[in-house]
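Heads up, the working numbering is the position in the sequence shown plus 18, with the first residue counted as 1. Even glycine gets a Cβ: it sits at the ideal position worked out from N, Cα and C. Since we're looking at a predicted model, the values are computed, not measured. Read the structure below first, then the notes.
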Amino acid sequence: METHWIDSPKHQADRKELADLCGRPRTPAEDARLAELKERVRNWAQLNQAAEEFVNGAP
């Protein structure tokens, strides 16, 4: 299981929506939403990585 330092109900809902949109045909509006969610989840993953490195004492 992946650990998320920042994991609010909003983050969880966005990851679920992203997973639901992946792997199926989408409308253009859903494609736009998918791109938005990918960017948001990617940014949170970077924040989570930075938090983990900080906690573990990485420079």
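* Asked: Rounded to the nearest angstrom, how far is the Cβ of Asp32 from that of Val59, given a contact under 8 Å?
  -> 6 Å
* Asked: Is the beta carbon of Glu35 sitting closer than 8 Å to the one on Leu65?
  -> For Glu35 and Leu65, no; Cβs fall outside 8 Å.
* Cut-off 7 Å between Cβ atoms - residues of its own chain near Glu48, not counting five sequence neighbours on either side -> Leu39
* Which residues bound the alpha helix (DSSP H) around Pro27? -> Pro27 to Leu39
* Asked: In the structure shown, what three-state DSSP assignment does Asn66 receive?
  -> helix
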